[in-house]
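Peer 1:
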Amino acid sequence: AMAVDSKGNIFTATRLGVRKCGPDGQAVSLEDPTAAPPLNGVKHIWADRDDNLLIADASNHLIRKFVVAQKKLITLAGTGTKGAAGVPGPALQAQLGEPHGVTAHPRTGDIYIADSRNHRVLRIKATE
59 AMAVDSKGNI FTATRLGVRK CGPDGQAVSL EDPTAAPPLN GVKHIWADRD
109 DNLLIADASN HLIRKFVVAQ KKLITLAGTG TKGAAGVPGP ALQAQLGEPH
159 GVTAHPRTGD IYIADSRNHR VLRIKATE
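Quick note on numbering: the sequence shown equals residues 59 to 186 in the numbering used here.
1) Please look up how many angstroms separate the CB atoms of L97 and A71, rounded, as I've assumed it's under 8 Å.
2) Confirm, please, whether the CB-CB distance from I121 to L134 is below 7 Å.
3) With DSSP run on the structure shown, which of helix, strand or coil describes L120?
4) Roughly how far, in whole angstroms, is the beta-carbon of V86 from the beta-carbon of A59, given that I think they are within contact range, below 8 Å?
5) Whole-angstrom Cβ separation of L36 and K129, contact assumed at under 8 Å?
6) Counting C-beta neighbours from all protein chains within 10 Å, is the total for V179 16 or more, i.e. buried, or is it exposed?
7) Rounding to the nearest angstrom, what Cα-Cα distance links R175 and T161 in this structure?
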């Protein structure tokens, strides 16, 4: 999986964060050594309007956000257990089934999740 931000940087996933390749061709690893659990089975990466990265962490059944400036990997949605429970409800209490896609609305910032095994699309409002 790859994403391109507004500055032309290309990102790919690593276990603890991302690898960034700038427009000048220089590559650097940006990792969060405290990331738990490590990324596993990443299916999709999306650069949001703030140039942070939304990550569909399929094998962990999570949606993650990598805050580039802070080199911090946080969980936005999912419990880490495969399932379909917790919807509707808070994003961190929703079980996901191998999410294969994640994107953000460019105007509202709402996040949309392709919850693949559950055959549904979920929305996290930007105000949550």
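Ideal Cβ positions, reconstructed from N, Cα and C, are used throughout, including at glycine.
Peer 2: Put simply:
1) 5 Å
2) yes
3) strand
4) With a Cβ gap of about 18 Å, V86 and A59 do not count as contacting.
5) The requested residue 36 does not occur in the structure, where the chain is confined to residues 59 to 186.
6) Residue environment for V179: exposed (fewer than 16 other C-beta atoms within 10 angstroms of its C-beta).
7) 18 Å
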